[in-house]
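> First the structure, which I've put down as structure tokens, then a few questions once you've had a look.
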Amino acid sequence: MDVTNRQTNEVVILGAGLAGLGAGYTLSRSGADILVIEADATVGGLAKTIHYRGFRFDIGGHRFKTNNKKTEYLVRQILNNELLVVRRSSKILLRDKYFDYPLKPLNAVSGMGIPKASGIILDYAVEQIRQRFGDRKIVSLEDWVVRHFGRTLFNIYFKEYSEKVWGIDCNRICMEWVEQRIQRLSLGKAIRKALFKYSGRDVHTLASEFLYPSQGIGRIAGKLKEEIEKSNRVLTSSRIVRIDHCGDRIESVTTRTGQMDSRTSMHKGSEFISSIPVATLVQLLHPKPPTDVLDAASRLKYRDLVIVTIMVNRERVTDQTWIYFPEQKIPFGRIHEPTNWSRKMAPEGKTLLVTEHFCFRGDETWSASDGDLAERTIINLINLGFIKRHEVIDKVILRIPRAYPLFEVGYTEQHDKICNYLDRYCNLRLIGRGGMFRYYNMDHAIESGIAAAEGVMAERPEPFRERWEELSPTGTGS
Ligand SMILES: Cc1cc2nc3c(=O)[nH]c(=O)nc-3n(C[C@H](O)[C@H](O)[C@H](O)COP(=O)(O)OP(=O)(O)OC[C@H]3O[C@@H](n4cnc5c(N)ncnc54)[C@H](O)[C@@H]3O)c2cc1C
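If you read the sequence shown in the working numbering, its first letter stands for residue 35, the second for the next number, and so on.
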């Protein structure tokens, strides 16, 4: 490879999403000499905000919510007076009726009429009795939901939506994902809540308020970049195309920069922190890892996403944070109206609807033309009664590869093989959603970046570490 430029930094960070930027910020504030490298022209990864002719929107609305004190402190510190507290109110639209989201089982039961409701409660009771006579193994989303809600409720609410989001049968979706998303919600708890005023405070999914930067979620990444650039560099439009290693160490990464991939640079470092998808990382290693590791990397799957945003000549269309559409006949799974999160997301008197179309790269949705995607979205929004055709003023279509790691039953075998192989590199740390192949939210991504940075600092002379501790809040958070 013809390398035109060579540089050395103490720590090289791969990817400038929130995980990479969280690591970069922590290290920069501690006086380290770092470089952050990003393929895209802008930072933020999945948590960026698109700006278009006075409109702003995230790649699917991103609410910030955390139980981790350090992460919350960091976000509050950098965004200070830009943060809004937004009340969350979301609905599921199913067979022309609205239900609460997250699903409140009593609302779901009562909204179905007496015969179906009796079926749901009976089914739930059967599941409870079954559990007492020998516990069945819970492997998939289907097993988990049926156990906690009964089969009827699973069939009505969970099956169609989950299969729309993930593109595979519910009995192939690994239960690890379920536990993180709909943890501790159950019909039993809902009934107890209704009868005995169960507080629900321990259930993260029910949280009713969140933080949101007034100019879109991308402000978090933008601010982190600004802070890092006070002492270090964030290189954008620079795709990592090769990662050289020798023995138990990563030695350098090579980037191609510019629209035509015109300039090639090599970046050496003592430590490497990677937030790029772990499968990509493995494929970029030079010399190549053993075939079984490469094979495992190629088997890790992701769900992709097409975002179709429709700009509307009206002040407001909905009063919800998100609306979910489980039915397969509707092409999108979820919509949000950014102006309900912050009025600054659209010019005065106008609004926009962001629709999320879950897909796999190369399938019919992914490959459809922008014109077709816009048209099918507009027709459905009109049929659902949200907009009128003459109100549509513009549209933007984005294709987002690898939006969700896909946790198919058995994926851990591939993941473990990759992690066991990468463990040999004593100067490589993996962080973030794609980097660790975890169902991480933004707070987890930032947290993993901070933790990796602290790991690097822990191996450094003491004064270096103290500077970060001075800057962080007291208490370690959860
Ligand atoms: C539709 C949707 C809605 C979401 N809503 C929420 C929400 O409401 N709340 C919440 O907390 N979280 C939400 N999330 C999750 C959140 O977006 C992620 O957890 C977080 O942004 C992950 O950050 P990251 O840095 O780990 O990964 P990423 O954002 O994926 O960053 C990785 C970066 O690496 C770069 N990269 C990849 N390959 C290369 C290469 N070869 N060379 C250089 N750079 C490379 C990428 O361009 C990217 O910028 C949502 C996600 C999606 C998809």
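Ideal Cβ placement from N, Cα and C applies to all residues, glycine included.
1) Could you tell me which residues DSSP pairs with Arg273 in its beta bridges?
2) Are the CB atoms of Ala479 and Gly56 within a distance shorter than 8 Å?
3) Once the 5 residues before and after Gly145 are set aside, which same chain residues still bring their CB inside 7 Å of it?
4) Taking only runs that begin and end inside the region 80-146, name each unbroken beta strand (DSSP E) of 3 or more residues, in chain order.
5) Taking 8 Å as the threshold (C-beta atoms), are Met470 and Val312 in contact?
6) From Thr291 to Cys453, what distance separates their C-alpha atoms?
7) How many angstroms separate the CA atom of Ile537 from the CA atom of Thr270?
8) DSSP on Gln41, reduced to helix/strand/coil?
9) Hey, could you find the ends of the alpha helix (DSSP H) Tyr59 is sitting in?
10) Taking 7 Å as the cut-off, is the C-beta of Gly256 nearer than that to any heavy atom in ligand 1?
11) What's the C-alpha gap between Glu197 and Lys429?
12) Taking 8 Å as the threshold (C-beta atoms), are Pro247 and Leu80 in contact?
13) Any heavy atom of ligand 1 within a distance shorter than 7 Å of the CB on Met476?
14) Does the Cβ of Thr105 lie closer than 7 Å to at least one heavy atom of ligand 1?
15) Mind checking which residues open and close the alpha helix (DSSP H) that includes Val327?
16) If Val45 sits next to Ile71, beta carbons under 8 Å apart, how far is it from one beta carbon to the other, in whole angstroms?
17) What is the DSSP secondary structure of Thr510, counted as helix, strand or coil?
18) Please give me, in chain order, every unbroken run of the alpha helix (DSSP H) with length at least 4 that falls completely inside the region 414-469.
19) Determine the DSSP secondary structure at Val173, reduced to helix, strand or coil.
20) Grab the span of the beta strand (DSSP E) containing Glu243 for me, first residue to last.
21) With Ile310 as the anchor, note down where its alpha helix (DSSP H) starts and where it stops.
22) Considering only their Cβ atoms, is the gap separating Val268 from Val518 smaller than 8 Å?
23) Would you check whether ligand 1 has a heavy atom nearer than 7 Å to the C-beta of Phe516?
24) What is the DSSP secondary structure of Phe392, reduced to helix, strand or coil?
25) Nearest-angstrom Cα distance between Glu116 and Gln162?
26) Can you check which of these residues, Pro435, Arg494, Arg164, is closest to Glu305 by C-alpha distance?
27) Which residues does DSSP list as the beta-bridge partners of Leu319?
28) From which residue to which residue does the beta strand (DSSP E) around Ile517 run?
29) Pick helix, strand or coil for Ser299, following the three-state DSSP scheme.
30) Below 8 Å on the Cβ atoms is my guess for Tyr195 versus Pro372; work out the distance and round it to an integer in Å.
31) Pull up the DSSP beta-bridge partners for Leu407, would you.
32) Confirm, please, whether the CB-CB distance from Leu440 to His391 is below 8 Å.
33) Does ligand 1 have even one heavy atom less than 7 Å from the beta-carbon of Gly292?
34) Are the region 179-189 and the region 147-159 touching, with three or more C-beta to C-beta distances below 8 Å?
35) What does the Cβ neighbour count give for Asp450, buried or exposed, with the cut at 16 atoms within 10 Å?
36) Which residue wins for smallest C-alpha separation from Arg166, given the options Arg181, Pro149, Pro324?
Let me spell this out:
1) Bridge partners of Arg273 according to DSSP: Arg290.
2) yes
3) Lys131, Phe133
4) 83-86, 89-92, 117-121, 124-128, 131-135
5) yes
6) 29 Å
7) It is not possible to answer for residue 537, since the shown part of the chain is limited to 35 through 512.
8) strand
9) 52-63
10) no
11) 27 Å
12) no
13) yes
14) no
15) Run containing Val327: 325-333, per the alpha helix (DSSP H) assignment.
16) The Cβ separation is near 11 Å, so there is no contact.
17) Its pLDDT being 38, under 50, Thr510 is placed unreliably in this model, and the value from its coordinates should be taken loosely. Coil at Thr510, not helix or strand.
18) Listed in chain order, the alpha helix (DSSP H) runs fully inside the region 414-469 are 445-456, counting runs of at least 4 residues.
19) coil
20) 243-247
21) Counting along the chain, Ile310 falls outside any alpha helix (DSSP H), and DSSP gives it neither H nor E.
22) With the chain running from 35 to 512 in the structure shown, residue 518 is simply not present.
23) Beyond the ends of the chain as shown, which are 35 and 512, falls residue 516; an answer cannot be given.
24) strand
25) 48 Å
26) Arg494
27) Ile277
28) Because the chain here runs from 35 to 512, residue 517 falls outside it and cannot be looked at.
29) strand
30) 22 Å between Cβ atoms; not a contact.
31) Leu407 is not bridged to any residue.
32) no
33) Checking the Cβ of Gly292 against ligand 1 gives no.
34) yes
35) exposed
36) Arg181
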